[in-house]
Amino acid sequence: MLCLVENRFLPRTAAFFDLDKTVIAKSSTLTFSKSFYQGGLINRRAVLRTAYAQFVFLAGGADHDQMERMREYLSALCKGWNVQQVKEIVAETLHELIDPIIYDEAATLIEEHHTAGRDVVIVSTSGAEVVEPIGELLGADRVVATRMVVGDDGCFTGEVEYYAYGPTKAEAISALAVSEGYDLSRCYAYSDSATDVPMLESVGHPHAVNPDRALRREATLREWPILAFDRPVRLKQRLPTFSLPPRPALVAAAAVGAAAVTAGLVWYTSRRRAAASA
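Everything in the sequence shown is counted per our numbering, starting at 13 for the first residue and increasing by one.
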């Protein structure tokens with residue numbers, strides 16, 4: 013059980029969550045492949061290839077070489093995509109695709125960390141255009157994600173500006189600790205992959221969630237807690253009063269950047285108010 017409330021006189025703390033197979037049951041990027049196909053961004057062959065990649069990812073995770081091949085493939089695939097169109101597709105299908113695959117255990121942990129006064133930060137290798145709306149849905153305070161280069165025409169160039177992977181995640185956490193005043197020795201981190209060992213070992217409370225074989229071995233050697241998340245659940249089922257805005261509102265939110273109208277932020281704000289009252 014987490015400590016209920018952080019001491020107000022101690023430095024700030026945070027809980028850092030990997031996203032895929034840690035907070036949600038699938039790969040966030042690959043989950044949108046059908047929507048991108050329907051939006052005309054990819055062809056049927058690409059849908060089949062991403063479906064196979066999703067299968068491999070779910071079956072046993074992805075090691076460093078597989079992640080590199082996936083990065084190269086996705087970077088080439090999205091070259092020429094209009095960024096605004098991508099954001100609109102993600103906003104329109106977010107609740108349909110992501111809400112049902114959020115782990116109940118992860119959502120509970122996020123609530124507990126917020127109640128304890130800790131920030132929640134999603135740290136994901138997936139692209140920012142996908143991760144940021146998911147972070148809002150989950151009520152995260154901050155998001156660290158891969159960023160692609162966008163040309164003057166508003167389209168992806170196929171080049172990577174920032175790759176949130178492996179040691180880079182740990183570097184991002186260290187930078188946040190400096191800018192936000194986090195005491196990393198009292199912070200928490202959660203991930204399913206051995207590629208995130210640098211992130212996990214940078215905090216005082218690392219946790220392996222549904223770990224791949226390499227991370228399970230590492231966690232056992234280091235005596236890190238190993239958690240099993242296996243109950244995907246819609247937020248509506250967890251919170252009976254939770255309501256989603258109509259789909260056009262979600263698209264409009266993506267178009268103008270008015271993320272405050274999304275249901276995730278409403279849920280997050282109510283939780284923070286409840287914690288403050290307590």
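Even for Gly, the Cβ is constructed at its ideal location relative to N, Cα and C.
Going by other Cβ atoms of all chains shown within 10 Å of its Cβ, with 16 needed for buried, is residue i buried or exposed?
| i | result |
| --- | --- |
| residue 143 | buried |
| residue 190 | exposed |
| residue 26 | buried |
| residue 130 | buried |
| residue 255 | Model confidence at residue 255 stands at a pLDDT of 43, short of 50, so the residue's coordinates are unreliable; what they give is reported in the following sentence. With fewer than 16 other Cβ atoms within 10 Å, it is exposed. |
| residue 165 | exposed |
| residue 163 | exposed |
| residue 224 | buried |
| residue 216 | exposed |
| residue 111 | buried |
| residue 22 | exposed |
Expressed to the nearest angstrom, what Euclidean distance is found between the alpha-carbon atoms of residue i and residue j?
| i | j | result |
| --- | --- | --- |
| residue 232 | residue 249 | 34 Å |
| residue 102 | residue 141 | 8 Å |
| residue 145 | residue 35 | 14 Å |
| residue 95 | residue 132 | 26 Å |
| residue 107 | residue 148 | 12 Å |
| residue 180 | residue 31 | 15 Å |
| residue 161 | residue 187 | 22 Å |
| residue 51 | residue 193 | 42 Å |
| residue 229 | residue 150 | 30 Å |
| residue 64 | residue 45 | Unreliable placement is indicated for residue 64, whose pLDDT of 49 sits below 50; the coordinate value is still reported in the next sentence. Near 11 Å, if we compare the C-alpha coordinates of residue 45 and residue 64. |
| residue 124 | residue 57 | 43 Å |
| residue 237 | residue 214 | 15 Å |
| residue 195 | residue 126 | 16 Å |
| residue 89 | residue 158 | 15 Å |
| residue 260 | residue 49 | For residue 260, the predicted structure reports a pLDDT of 33, less than 50, and the residue's modelled location is therefore unreliable. A value from the coordinates is still provided. Answer to the nearest angstrom: the Cα atoms are 20 Å apart. |
| residue 139 | residue 104 | 17 Å |
| residue 54 | residue 80 | 20 Å |
| residue 47 | residue 220 | 31 Å |
| residue 37 | residue 167 | 29 Å |
| residue 235 | residue 93 | 44 Å |
| residue 245 | residue 109 | 12 Å |
Does the separation of the CB atoms of residue i and residue j fall below 9 Å?
| i | j | result |
| --- | --- | --- |
| residue 155 | residue 134 | yes |
| residue 226 | residue 29 | no |
| residue 240 | residue 222 | yes |
| residue 137 | residue 198 | no |
| residue 205 | residue 33 | yes |
| residue 43 | residue 114 | no |
| residue 182 | residue 210 | yes |
| residue 177 | residue 207 | yes |
| residue 87 | residue 170 | yes |
| residue 247 | residue 118 | no |
| residue 116 | residue 243 | yes |
With DSSP as the reference, identify every bridge partner of residue i, one or two as the case may be.
| i | result |
| --- | --- |
| residue 194 | 24 |
| residue 158 | 139 |
| residue 200 | 27, 217 |
| residue 134 | 29, 155 |
| residue 44 | DSSP lists no partner for residue 44. |
| residue 174 | 159 |
| residue 122 | None, per the DSSP bridge assignment. |
At a threshold of 8 Å, does residue i count as lining the ligand ATP (C-beta to nearest heavy atom)?
| i | result |
| --- | --- |
| residue 156 | The ligand ATP is not part of the structure shown, which contains no ligands of any sort. |
Contained beta strand (DSSP E) runs [length at least 3] in the stretch 73-118, N- to C-terminal order:
none
Mind pulling the alpha helix (DSSP H) runs of 4 or more residues that sit fully within the stretch 202-244?
Complete alpha helix (DSSP H) runs here, min 4: 209-213, 225-234.
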